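For reference, the structure is listed below as structure tokens.
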Amino acid sequence: MLDNLRSMAVFACVVERRSFSGAARELGITTSAVSQQIRSLEEEMDVLLLHRSTRKLSLTEAGQAFFHSCQEMVAAAERGRIRISELRDDLVGDLRIATTPELGAMHVVPALSCWLAAHPSLKVHFEADNRYIDLIEERIDIAIRMSPTLADSSLIARPMARVDQILCASPTYLRKFAPIQTPEDLTQLELLPIDLVQNPQDIYLTNAATGEQKHVFMPARIHNNNVFVTKSLCLAGHGVGRILYLDVQKELARGDLVEVLPQWKMQDYILYAVTLKREQQPTKIYRCLDALSQYFSQLPGGRSVRRLTDEITG
């Protein structure tokens with residue numbers, strides 16, 4: 001079948017150029033190779049396609065009918081080539097982005113809002129879920145993930161920002177207790193753990209000034225698996241949230257929440273944009289990554305992608 005398609009393209013070129021030699025020059029092959037392709041077609045279909053003479057070629061009735069089909073095939077192939085080129089080089093077609101509901105609503109959509117408005121030919125699919133998503137199986141172009149580390153040889157992970165993990169609570173809640181001055185004081189408070197974090201009640205802290213390290217286990221009564229729920233519980237005065245600074249920066253700025261033990265730091269997280277390893281990525285993926293990188297590098301507490309890359313690989 002593939003040989004037939006190639007021969008049909010050669011036949012169409014012969015008719016359009018009105019000679020075997022003209023088709024050979026157009027296709028970059030020898031005249032004898034062109035002649036062989038036409039002969040093979042005629043033998044397989046058991047029909048004469050061309051009347052040959054020393055001066056010119058002319059189509060038989062069967063050749064005329066067949067030529068129109070060959071033209072349509074070549075035109076369809078050219079349309080397909082152009083479409084592939086557009087999908088590779090232009091901001092058109094589908095773009096599938098996976099993220100968590102929290103990151104999606106609070107940051108990914110704001111990061112891409114103006115960019116999406118500027119490129120109406122893009123069809124964007126957001127997959128907002130806390131579960132691990134297989135990029136290949138679910139045809140994801142870009143996944144936004146937050147992790148202390150990320151290693152997978154089949155993926156390319158581009159760091160977007162380094163984000164602090166903090167403990168915070170409402171001023172009303174903290175007034176119920178004696179001042180929290182040391183990590184050991186945390187044990188009198190109730191943690192509001194997000195169960196997506198491994199061992200969420202184990203709190204490992206490092207003193208920013210001295211480098212001293214401490215580990216405390218905080219009691220917890222109310223558990224959940226969502227950042228929005230944790231933040232609501234914190235604001236309502238039900239305990240201390242273990243949460244990313246990125247998710248509560250506005251509440252901290254307004255004073256609705258207060259950071260607990262700000263001089264003691266937990267392990268920070270890195271926000272990654274993850275893509276598959278490919279020889280060539282479509283331009284729309286690179287442009288989307290640029291928009292995300294610009295947004296996250298300008299957030300309070302964020303750092304530039306270049307500096308993050310140097311820190312991680314250096």
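In UniProt numbering, the protein residues as written are 1 to 314.
Each residue gets a CB set at the ideal place from its N, CA and C atoms; glycine is no exception.
From a predicted model like this one, the values you see are computed outputs, not experimental measurements.
How would you label LYS123, buried or exposed, when you count the other beta carbons within 10 angstroms and need 16 or more for buried?
-> Residue burial is scored here from C-beta neighbours: LYS123 has fewer than 16 other C-beta atoms within 10 angstroms and is therefore classed as exposed.
What's the C-alpha gap between LEU116 and VAL229?
-> The straight-line gap from Cα to Cα measures roughly 29 Å.
Can you tell which of LEU257, GLY241, ILE156 has its C-alpha closest to the C-alpha of ARG278?
-> For ARG278, the closest alpha carbon among the candidates LEU257, GLY241, ILE156 is that of ILE156.
Helix, strand or coil: which one does DSSP assign to LEU24?
-> Residue identity check: residue 24 is Ala in the sequence provided, not Leu. Correct three-state label for ALA24: helix.
Per DSSP, cross-strand counterpart(s) of LEU191 = For LEU191, which the question treats as bridged, DSSP gives the partners ALA220, VAL240.
Which first and last residues belong to the alpha helix (DSSP H) in which ALA118 is found?
-> DSSP places ALA118 in the uninterrupted alpha helix (DSSP H) bounded by 109-118.
Taking VAL108 as the reference, give the member of SER69, ILE142, GLY28, THR187 with the closest Cα.
-> Taking only the C-alpha atoms, the option nearest VAL108 is ILE142.
Taking only the alpha-carbon atoms, compute the straight-line gap between ILE210 and TRP264 and give it to the nearest angstrom.
-> One point to set straight first is that residue 210 is Thr, not Ile, in the sequence displayed. In this structure, the CA atom of THR210 is about 10 Å from the CA atom of TRP264.
Distance between VAL15 and LEU59 (C-alpha atoms, nearest Å) | CA-to-CA, the gap between LEU59 and VAL15 works out to about 8 Å.
Would you say ALA161 and SER297 are within 8 Å of each other, going by their C-beta atoms?
-> At a Cβ-Cβ threshold of 8 Å, ALA161 and SER297 count as neighbours.
Rounded C-alpha distance that separates PHE217 from VAL240 = Near 13 Å, if we compare the C-alpha coordinates of VAL240 and PHE217.
Length-filtered (4 minimum) alpha helix (DSSP H) runs lying within the region 136-215 | Listed in chain order, they are 171-174.
At least 3 beta-carbon pairs within less than 8 Å: the region 279-289 vs the region 165-177 | Touching, no, given that fewer than three Cβ pairs across the two stretches are closer than 8 Å.
Starting from the C-beta of GLU190, find all residues in its chain whose C-beta is less than 8 Å away, skip the five residues before and the five after it, and write them out in chain order.
-> Within the same chain, GLU190 has close Cβ partners MET218, PRO219, ALA220, ARG221, ILE222, HIS238, GLY239, VAL240.
When the Cβ atoms of the region 29-46 are set against those of the region 4-18, are three or more pairs found closer than 8 Å?
-> A contact exists between the region 29-46 and the region 4-18.
In whole angstroms, what separates the C-alpha of ARG306 from that of PHE11?
-> Per-residue confidence for ARG306 stands at a pLDDT of 44, beneath the threshold of 50, marking its modelled position as unreliable; the derived number appears in the next sentence. Computed Cα separation, rounded: 54 Å.
Is ILE285 helix, strand or coil by DSSP?
-> Correct three-state label for ILE285: helix.
Could you check what DSSP says for TYR269 in three-state terms: helix, strand or coil?
-> If DSSP states are grouped into helix, strand and coil, TYR269 belongs with the strands.
Cβ-based neighbour list, THR206, same chain, cut-off 6 Å, excluding 5 preceding and 5 following | Beyond the five residues adjoining it in sequence on each side, THR206 comes within less than 6 Å, by CB distance, of GLN213, LYS265 in the same chain, given in chain order.
Apart from the five residues just before and just after LEU233, which ones in its own chain have a Cβ nearer than 8 Å to its Cβ?
-> Counting only Cβ-Cβ distances below 8 Å, and skipping sequence neighbours, we find LEU192, ILE222, ASN224, GLY239, GLY241.
Element boundaries [beta strand (DSSP E), containing ILE38] = For ILE38, there is no enclosing beta strand (DSSP E); the residue is found in the alpha helix (DSSP H) stretching over 31-45.
Just mark PRO110 as buried or exposed, buried being the case when its beta carbon has 16 or more other beta carbons within 10 Å.
-> Label assigned to PRO110: exposed.
Note down the Cα distance separating GLY93 from ILE285, rounded to an integer number of angstroms.
-> About 11 Å.
Proximity to ARG18 [Cα-Cα], best of LYS56, ASP46, LEU27, ASP268 | Nearest C-alpha to ARG18: LYS56.
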